[in-house]
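Q: Following this message is one structure expressed as structure tokens.
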Amino acid sequence: MTEIPKKFDHAEAEARWAETWETSGIHRWDESRGRDETFVVDTPPPTVSGSLHVGHVFSYTHQDLVARYQRMLGKNIAYPMGWDDNGLPTERRVQNIFGIRCDPSLPYDPDWKPRRDKGKKDPIEEVSRRNFIEACSIITEEDEKAFEELWRRLGLSLDWSRTYATIDEHCRKISQLSFLDLVAKGQVYNTESPTMWDVDFQTAVAQAEVEDRDRPGLMHDVRFAVKGGGEFTISTTRPELLPACIAVVAHPDDARFKPLFGKTAITPLFGAEVPILAASHADPEKGTGILMVCTFGDANDVDWWKQSDLPLKQVIGMDGKMVPVHFGAAPFASIDPAEAQRHYDEIAGLWTKQAKTRIAEKLGEDGSGPHGEGAALVGEPKTLDHPVKYYEKGDRPLEFVPTRQWFVKILEHKAALLEQGKKIVWHPHYMRTRFDHWVEGLNQDWCISRQRYFGVPFPVWYPVRENGLPDFSKPIYAGADQLPVDPMSALPAGFSEAQRGKPGGFIGDPDVMDTWATSSLTPQIMSHWGLDEARHRKLFPMDVRPQSHEIIRTWAFYTIVKAWMHEREIPWKHVLISGWILDPDRKKMSKSKGNVVTPGHLLDQHSVDGVRYWAARARLGADTAFDETVFKVGKRLATKIFNASRFVFSQLDRAGVAEAMPGAEISATLDQAMIARLRSVVKQATEAFERFDYAAALQTAEESFWQFCDHYVELVKGRSYADEDSPARRSALAALRLGLSVHLRLLAPFLPYVSEEVWSWRLAGEGRLASIHTSPWPTAAEFADVATEIGAAALVAAVEVTSKIRGAKSDAQKSLRWPVSALVVRGAEDDVAALRAVLADVLEAGHVAAEGVDLAAGAPSEGERFAITVTLGEE
RNA sequence: GGGCGUAUAGCUCAGCUGGCUAGAGCGCCACGUUGACAUCGUGGAGGUCGCAGGUUCAAGUCCUGCUACGCCCACCA
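Just so we're aligned, residue 525 is where the first sequence starts under the working numbering, counting upward by one.
Structure (structure tokens):
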């Protein structure tokens, strides 16, 4: 028999049990069991970006609470771990750490090793694509190790044998299978069109990765000439796009400009003749009511350009600089090509920001105005704050640049996707509104190609025409048996390596997929969709998707898209949305604000159970303050569990009770009343967990446990201390054991370490029951043979009288053991009867002389159950 | 500009379909224990439930408007 320790060494217990759980395999998914007895968690694969955050601890604990509850229900838990390591965050980190940059044109150097010792001043080293990817792998491997260590310590009941990484072979295969399936279903296309482009990362980005930032800007009022005489003024924040102006538009109903429609405007400086047209997107209230359309200033320009026959004048390059253009010939026609060229040459090669300033200066010069009179610029540019589109990870505004990209058709499926959203239960329910609004507001198909390196390649080649140019209209797709494939090194069927890049040959698609194109498949990655149908059916659709709310538009949305496109299914039945951690000033904690607390330190200081307790107190969706005192409360609860268990087990040991006693042994009224109350506690906690409200379950269980300790245990001590065996003592011991066992199990999902520790002393059975975490969640069936018909009233009465006695002693500044010589209690007949049934325990606990008791029916005090008079005795 | 959410003791939070003389824990003060308890117990101080209307016999709980904060979204003139 285990010797019961005197003190709880959190750190030691954490290390020991984490190890035991892993070796015993109690967290492993059992592939042989059916779907209906399995509970599947679509674990979020965290972006492996190097730094761990309390926010991680917070939300991953939430999932684990649910998983642990389900495990105790007897479910076969499928709870894998994944790492999202592909994509830009990793590339950016690797570039910084090693001081390198990828140049895909370089050949692979097998002897190259990344170096960390580079200073900031050392030149950036250019490396081949393959070397770059290898460097990425080195970093992600290290990061994943750090994450795993924390996850294990945190007691996440993950199945570590099912770990995946979004860049690994399996994930690349599933991602490419998904792509090919979408090709087969006609849901994906590639096209050259203006796309939001990050000039620093030099890649296309999707709508979901774009955010508006308020930035100061300058509003320029610029005079345009009307051909044949006259002028008007437009307002613009982007004068550098003047050479890209293709039209001027105003609202069709705007009386001010109606006379101009159909006429031709002449742009200042560049002398381009552009039509003046009506366009419904022009807002008469904004600016001067008339604006220029450029290729491309914003999404409006793109939309409008697409439905017009007007030319494309691309002046911004992929690197964010003004590209050299030649004036005179289409599309850069001008009434004075030499003058236009002279102006443009001054800005060619400049960053857009510099070009903006230069153009503004030139517009302010005399002679730039319409028909050569005065300055085109009216007054001084006015400052304003306006929203500017940025890539969420980027530092400079996005530009619209025409490039060839792959798109998934989502716009035409809005209605269907909204329907899918309705089939999923969102917790909290109002989070579905976010999803709905996002879907309703979609205005672009999903651009899934990125001009980057550390990602999943497209399983695609293009034939090269005799003129040496690729024919993008006839992509050659890889066969499913080839996957995963890298078209830059592998060959399409029927071609040889010698034909790569040659006329009549082929080229590989150099792009990689958006990282969401892979993480949108986390359910399919786990279920082996497309590879193992039987396994897929055992895991899909999944039960729950835990995630945070800021990625509803990306992760949740894209996952719903993929599940629907592939199988017309929902990916999971429930979505659980965790809130955010706020620092004490109510700001979101984030790295950039420098207010992040590292999780390791927290766990050292407050114990894992204490930290989990804090996380568990936060309801789904609710943002939570980072509050040190809550950790302490959690740690103390763990200590209380430890000590209460020591007491109960020492009593059992003393009486020689090793096994559970039959419920019929619980014969004393007080004990039955305690069990009666426990019955409703179990019901409440279970109902809370069933609706994923773990916080309410914790509250219920915790409160009940403290009452159990403070009231019941104190009241029953007299009988349990008795030396002689008797029905009264046996009842006390049986009830203590049952009460403790139930409370331990109710609290086990929250405080896995302390509950496992004390469980192991005396309650652990054989096999799966060796762990509390695979022991059955308490149900009413456990109380079936305990007589609980009397209800909890007797316990309530006993507690009330006992509290009064304690209060009287406290008022008199006497010890709680001070004898009571007289106790007078009056109350309703039922209450008096209830009290009479537990009187012996009350007198014992209160040190009340039996001969001084006067208990009878009578009027209680105002608002109370009893009228109680306590008279203290002499020592 | 639109939408979602939150506003309850000094702090962190409970208060489900309206009945509250509004609760818990922490913190604070006083006392008592320390033979399950690096503790625990008893008692105490502390709230016009963001503001203003309304519905109702009755509103922290329902409705309307407003304010503050947070978040999400928005065609950058």
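We put the beta carbon where it would ideally sit given N, CA and C, even for glycine. Keep in mind the model is a prediction, meaning the values are calculated, not measured.
1) Answer yes or no: do Val770 and Thr819 have a C-beta to C-beta separation smaller than 9 Å?
2) Kindly give me the distance between the Cβ atoms of Pro1123 and Val581, rounded to whole angstroms, as I take these residues to be in contact under 8 Å.
3) Could you tell me which of Leu1007, Ile1031 and Trp970 sits nearest to Gly992, measuring between CA atoms?
4) Is the region 900-914 close to the region 701-708, with three or more CB pairs under 8 Å?
5) Please specify which runs of the beta strand (DSSP E), each continuous and at least 3 residues long, are wholly inside the region 539-595, giving them in chain order.
6) Using only the alpha-carbon positions, how far apart do Phe725 and Leu1270 sit?
7) Is Asp833 helix, strand or coil by DSSP?
8) Buried or exposed: where does Glu1189 fall if 16 or more other Cβ atoms within 10 Å of its Cβ makes it buried?
9) Under 6 Å Cβ to Cβ from Asp1378, same chain only, skipping five residues before and after it: list those, please.
10) Classify Gln648: buried if its beta carbon has 16 or more other beta carbons within 10 angstroms, exposed otherwise.
11) In whole angstroms, what separates the C-alpha of Val1157 from that of Thr1163?
12) For the alpha helix (DSSP H) that Phe622 lies in, which residues bound it at each end?
13) If you reduce the DSSP assignment to three classes, tell me which class Glu527 lands in.
14) Nearest-angstrom Cα distance between Arg1261 and Ala537?
15) Between which two residues does the alpha helix (DSSP H) containing Gly1242 stretch?
16) Only counting the same chain, and skipping five residues up and downstream in sequence, which positions put a Cβ closer than 6 Å to that of Thr1039?
17) Run through DSSP, which three-state label would Trp654 get?
18) As an exercise, report each continuous beta strand (DSSP E) stretch of at least 3 residues that is fully enclosed by the region 1029-1112, in chain order.
19) Beta-carbon separation of Ala602 and Asp692 under 9 Å?
20) Alpha carbon to alpha carbon, how far is Glu543 from Ile550?
21) I'd like the list of long-range same chain contacts for Arg975, defined as Cβ closer than 7 Å, with 5 residues on each side in sequence excluded.
22) Specify the secondary structure class of Trp684 as computed by DSSP and reduced to three states.
23) For His961 and Val707, I'd like the C-alpha separation in whole angstroms.
24) Given a cut-off of 9 Å on the beta-carbon distance, is the pair Pro548 and Ser1284 in contact?
25) Asn1167 lies in the alpha helix (DSSP H); which residues open and close that run?
26) Mind checking Asn714: buried by the 16 CB within 10 Å criterion, or exposed?
27) Kindly list the residues whose CB is nearer than 7 Å to the CB of Leu834, restricted to its own chain and excluding five residues on each side of it in sequence; keep chain order.
28) Could you check if Asp777 is buried or exposed, using at least 16 other CB atoms within 10 Å of its CB as the buried criterion?
29) With DSSP as the reference, please indicate the residues paired to Cys500 in a beta bridge.
30) Using the three-state DSSP reduction, which class does Pro1123 fall into: helix, strand or coil?
31) Would you mind working out which of Gly579, Glu555 and Pro1095 sits nearest Ser1102, comparing C-alpha positions?
32) Please confirm whether Pro848 and Ala872 have their CB atoms less than 9 Å apart.
33) Within the same chain, show all residues whose beta-carbon is closer than 8 Å to that of Leu874, passing over the 5 residues directly before and after it, in chain order.
34) Counting C-beta neighbours from all protein chains within 10 Å, is the total for His1130 16 or more, i.e. buried, or is it exposed?
35) Going by DSSP in three states, His910 sits in which element: helix, strand or coil?
36) Assuming Gly1025 is part of the alpha helix (DSSP H), what are its boundary residues?
A: So, to answer that:
1) The sequence shown places Ile at residue 770, rather than the Val named in the question. For Ile770 and Thr819, yes; Cβs fall inside 9 Å.
2) 5 Å
3) Ile1031
4) no
5) 562-564
6) 50 Å
7) coil
8) buried
9) Val1348
10) A small fix is needed here, since residue 648 is Ile in this sequence, not Gln. Classification of Ile648: exposed, given that the 10 Å Cβ count is below 16.
11) 10 Å
12) Leu612 to Phe622
13) coil
14) 23 Å
15) Glu1238 to Tyr1245
16) Asn610 and Gly611
17) Note that residue 654 is Arg in the sequence shown, not Trp. Residue state, collapsed to three classes: helix.
18) 1030-1032, 1066-1072 and 1096-1102
19) no
20) 11 Å
21) Before going further, note that residue 975 is Gln rather than Arg in the sequence given. Here the set comprises Gln726, Thr727, Ala728 and Asp1035.
22) strand
23) 28 Å
24) Note that residue 548 corresponds to Ser in the displayed sequence, not to Pro. Not closer than 9 Å, so no.
25) Glu1152 to Ala1179
26) buried
27) Ile770 and Ala771
28) exposed
29) Here the chain comprises residues numbered 525 to 1399, so residue 500 is not present and cannot be evaluated.
30) helix
31) Gly579
32) yes
33) Lys845, Met846 and Arg882
34) buried
35) strand
36) No alpha helix (DSSP H) contains Gly1025, which DSSP labels as neither H nor E.
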